[in-house]
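Residue numbers (my numbering), protein chains in the order written: chain A, 142 to 536; chain B, 654 to 917.
Even for Gly, the Cβ is constructed at its ideal location relative to N, Cα and C.
Right, one structure below, let's go through it.
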């Protein structure tokens, strides 16, 4: 990072003045607590005894044999409490909010995984929680809506714009500006104004730290390739970060190509986006020539976002990470493939990483090693995949 | 050339008057309506007009301006080029200060240097960028200064200790946001305005004006007591939402009411 909150020229703090004081306050609090032994001890205790870390690094023997390439390991973030990597960040931020004396937490959610994780930890800490969710996402992820309500959170539907993740973020930012003195905005990905991209990555980097130790334990060497799906990019930054300095490790992000990047109906920000300033950061966005943010499309509500975190955009610019686009159809096939091959039903988001791995593995040698970050479990997606396949499971 | 904003505030000061600054979303109801509305506002009491460039994701706006932005984009296919065309026509008819209110991405995406050069050519006097806080002013500073365009700074009741440094560096006028939250008409104000404007007046080196939530002449009059001018946006934009193509006379009547309220 070149200057505070910047990755090269990217990142920054492009937010309305009303929230700047809160952003600065958060930045100062985070700088203070991130090296505070007591805070870190509390966080790691929660990681262990509440989120059930470390998550397994599982050797996918059948998939390895089937693809005929590298040894494939799967980092099982789906086994975390609440079923995805989102709990790592939610624990960190809500614990920080508690130390800052904030009483009310707001969050946005796409697929519902970050909303569920935030609602969960708010229930644990007895904090008020309101989650903004696009109306369209509430319909395709109805199970997670009910789950958040069970946990005591208020879920507020967002009808503006495209009624998906970006609109939920807009509305959460408006709430934050309105209730600025009492409210902590728990952003779910490595995006938004500084310090969020750095802070969220720091709360997620445990994924890569564990994976590195686990692969060294199992194989005695580093992997050759690490694959993760990318929407805003938090699970990918989490597993990439500890490997960035290990130049022999290829880092691959799988973004959502929706109906195909040539159709215009996709969320492939790196493939098709351009530099812009939005949601507090300078980064890559899908937008038109006049800078209007483009509507995006993906079967995955969690990847259905027209931007990407600034650190990813920087890793792309510098060539340190590669980003590939995976269509809905490929992701659904990977969803079914992992279910049948390994008996693991992945989140449709994570299935994008599995699909990219299936594409890359046959180009690698048998003596090589690949790690796939399985960011979440797929129970929430079963109904939608059935619908995609034309199967009516409610009949 | 001297910036028209400075000249206008000096003129108002000499006349013992306070400024009425109004805002409208360009292209809401069509660009012809916007043109008539801007001229109508200036003829009925407004001193300075802010022209809003509609953005797909206006995170600082309440519902009234969000919906107007959507109408302008969806129903009238408003573009930045279209807004430049509007300003070009307006400049043939008025010498009052004109500002663009727009999101950072609109400037960045059109090429920062080219954007501010175009502003200079057209006779735009300043920009207000709601998602560009003080810390990020460097993003546009060089290009804006090179072309003599003011980048208007905002302070809000949540700015607290930031007020002094922002006010000290402000150019043109300081935009004081009356309450936390997003734009929109309010029935009451919970901010401790005495305390807020005490901090502002201690640090400001340029005129300071208050906006957000002012719906009519009565509210404008009360607010004017604290500062050098009053900014009214959503109440104007709401006339277009309510009256559509017949909005201009209603906007003009609103401006007369606001002017009377401010002049007391």
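Beta-carbon proximity of residue i to residue j, cut-off 9 Å
{"i": "residue 278/A", "j": "residue 253/A", "result": "yes"}
{"i": "residue 541/A", "j": "residue 502/A", "result": "The structure shown does not extend to residue 541/A, since chain A spans only 142 to 536, so no value can be given for it."}
{"i": "residue 676/B", "j": "residue 885/B", "result": "yes"}
{"i": "residue 471/A", "j": "residue 409/A", "result": "no"}
{"i": "residue 822/B", "j": "residue 790/B", "result": "yes"}
{"i": "residue 162/A", "j": "residue 811/B", "result": "yes"}
{"i": "residue 309/A", "j": "residue 337/A", "result": "no"}
{"i": "residue 517/A", "j": "residue 487/A", "result": "yes"}
{"i": "residue 331/A", "j": "residue 511/A", "result": "no"}
{"i": "residue 319/A", "j": "residue 705/B", "result": "no"}
{"i": "residue 221/A", "j": "residue 193/A", "result": "yes"}
{"i": "residue 340/A", "j": "residue 181/A", "result": "no"}
{"i": "residue 670/B", "j": "residue 880/B", "result": "no"}
{"i": "residue 778/B", "j": "residue 658/B", "result": "yes"}
{"i": "residue 292/A", "j": "residue 264/A", "result": "yes"}
{"i": "residue 355/A", "j": "residue 479/A", "result": "no"}
{"i": "residue 275/A", "j": "residue 304/A", "result": "yes"}
{"i": "residue 673/B", "j": "residue 749/B", "result": "no"}
{"i": "residue 394/A", "j": "residue 345/A", "result": "no"}
{"i": "residue 780/B", "j": "residue 797/B", "result": "yes"}
{"i": "residue 915/B", "j": "residue 873/B", "result": "yes"}
{"i": "residue 447/A", "j": "residue 307/A", "result": "yes"}
{"i": "residue 775/B", "j": "residue 740/B", "result": "yes"}
{"i": "residue 485/A", "j": "residue 215/A", "result": "yes"}
Which listed residue (the options) has its alpha carbon closest to that of residue i
{"i": "residue 481/A", "options": "146/A, 175/A and 204/A", "result": "204/A"}
{"i": "residue 384/A", "options": "374/A, 364/A, 370/A and 373/A", "result": "364/A"}
{"i": "residue 595/B", "options": "829/B, 724/B, 854/B and 787/B", "result": "Given a span of 654 to 917 for chain B in the structure shown, any question on residue 595/B remains unanswerable."}
{"i": "residue 494/A", "options": "190/A, 514/A and 505/A", "result": "514/A"}
{"i": "residue 795/B", "options": "766/B, 831/B and 718/B", "result": "766/B"}
{"i": "residue 387/A", "options": "212/A, 366/A and 159/A", "result": "366/A"}
{"i": "residue 433/A", "options": "440/A, 419/A, 424/A and 423/A", "result": "419/A"}
{"i": "residue 867/B", "options": "848/B, 694/B, 836/B and 736/B", "result": "836/B"}
{"i": "residue 235/A", "options": "200/A, 271/A and 213/A", "result": "271/A"}
{"i": "residue 201/A", "options": "189/A, 217/A and 186/A", "result": "217/A"}
{"i": "residue 490/A", "options": "377/A, 505/A and 342/A", "result": "377/A"}
{"i": "residue 445/A", "options": "393/A, 451/A and 374/A", "result": "374/A"}
{"i": "residue 361/A", "options": "437/A, 239/A and 508/A", "result": "508/A"}
{"i": "residue 195/A", "options": "174/A, 229/A and 177/A", "result": "229/A"}
{"i": "residue 827/B", "options": "804/B, 843/B and 839/B", "result": "804/B"}
{"i": "residue 316/A", "options": "305/A, 258/A and 299/A", "result": "299/A"}
{"i": "residue 878/B", "options": "714/B, 847/B, 832/B and 852/B", "result": "847/B"}
{"i": "residue 717/B", "options": "892/B, 917/B, 793/B and 856/B", "result": "892/B"}
{"i": "residue 737/B", "options": "910/B, 694/B, 770/B and 908/B", "result": "770/B"}
{"i": "residue 460/A", "options": "407/A, 296/A, 348/A and 391/A", "result": "391/A"}
{"i": "residue 149/A", "options": "500/A, 453/A, 224/A and 483/A", "result": "453/A"}
{"i": "residue 887/B", "options": "727/B, 852/B, 715/B and 801/B", "result": "715/B"}
{"i": "residue 426/A", "options": "759/B, 862/B and 839/B", "result": "759/B"}
{"i": "residue 723/B", "options": "896/B, 762/B, 890/B and 814/B", "result": "890/B"}
{"i": "residue 463/A", "options": "485/A, 381/A and 424/A", "result": "381/A"}
{"i": "residue 164/A", "options": "357/A, 421/A, 353/A and 224/A", "result": "421/A"}
{"i": "residue 438/A", "options": "451/A, 406/A and 455/A", "result": "406/A"}
{"i": "residue 680/B", "options": "707/B, 654/B and 693/B", "result": "707/B"}
Worksheet item: So, do the region 516 to 527 of chain A and the region 388 to 407 of chain A have three or more beta carbon pairs nearer to each other than 8 Å?
Response: no
Worksheet entry | Complete runs of the alpha helix (DSSP H) confined to the region 446 to 499 of chain A [at least 4 residues] | 451 to 458 and 469 to 483
Fill in: Members of the region 786 to 820 of chain B that neighbour chain A once the beta carbon cut-off is set at 9 Å
786, 787, 788, 789, 792, 806, 807, 808, 809, 810, 811, 812, 813, 814, 815 and 819
Fill in: Residues, ordered as in the chain, of the region 404 to 416 of chain A that lie near chain B by beta-carbon distance below 7 Å
none
Worksheet item: What residues in the region 830 to 851 of chain B bring their beta carbon closer than 8 Å to a beta carbon of chain A?
Response: 830, 833, 834 and 835
Worksheet item: Does the pairing of the region 316 to 327 of chain A with the region 406 to 425 of chain A give three or more beta-carbon distances under 8 Å?
Response: no
Fill in: Residues of the region 288 to 304 of chain A with Cβ closer than 7 Å to any Cβ of chain B, in chain order
Look at the region 288 to 304 of chain A: the residues with a C-beta under 7 Å from a C-beta of chain B are 301 and 302.
Worksheet item: Can we say the region 779 to 789 of chain B touches the region 153 to 161 of chain A, given the rule of at least three CB pairs closer than 8 Å?
Response: yes
Item to complete: Say whether the region 237 to 251 of chain A touches the region 660 to 670 of chain B, bearing in mind that this needs 3 or more beta-carbon pairs closer than 8 Å, one atom from each stretch.
Response: no
Worksheet item: At a Cβ cut of 7 Å, what residues of the region 207 to 219 of chain A count as close to chain B, listed as they run along the chain?
Response: none
Worksheet item: What runs of the beta strand (DSSP E), each 3 residues or longer, lie entirely inside the region 275 to 316 of chain A?
Response: 295 to 299
Fill in: Cβ contact check for the region 897 to 908 of chain B and the region 685 to 701 of chain B: 3 or more pairs under 8 Å
yes
Fill in: Start-end ranges of the alpha helix (DSSP H) lying completely within the region 747 to 797 of chain B, minimum 4 residues
757 to 762 and 765 to 775
Discussion item. Please list, in chain order, the residues of the region 231 to 256 of chain A that have any C-beta partner in chain B closer than 8 Å.
Written reply: none
Fill in: Under 9 Å (Cβ pairs) to chain A, residues found in the region 758 to 771 of chain B
758, 759, 760, 761, 762 and 763
Worksheet entry | Every unbroken beta strand (DSSP E) within the region 833 to 860 of chain B, with a cutoff of 3 residues, ordered by chain | DSSP runs (the beta strand (DSSP E)) wholly in the region 833 to 860 of chain B: none.
Worksheet item: Taking Cβ-Cβ distances below 9 Å as the criterion, which residues of the region 458 to 475 of chain A are in contact with chain B?
Response: Within the region 458 to 475 of chain A, no residue qualifies.
Fill in: Positions along the region 669 to 702 of chain B whose CB lies within less than 8 Å of some CB in chain A
none
Practice prompt. Select from the region 480 to 505 of chain A all residues with a C-beta closer than 8 Å to any C-beta belonging to chain B, and list them in chain order.
Written response: none
Worksheet item: In chain order, what residues of the region 726 to 741 of chain B put their CB closer than 9 Å to some CB of chain A?
Response: 726, 732, 733 and 734
Practice prompt. Identify every run of the beta strand (DSSP E) within the region 232 to 262 of chain A, keeping only runs that are complete inside it and at least 3 residues long; order them along the chain.
Written response: 245 to 250
Worksheet item: Which runs of the beta strand (DSSP E) fall wholly inside the region 173 to 230 of chain A and span at least 3 residues, in chain order?
Response: 198 to 200 and 212 to 217
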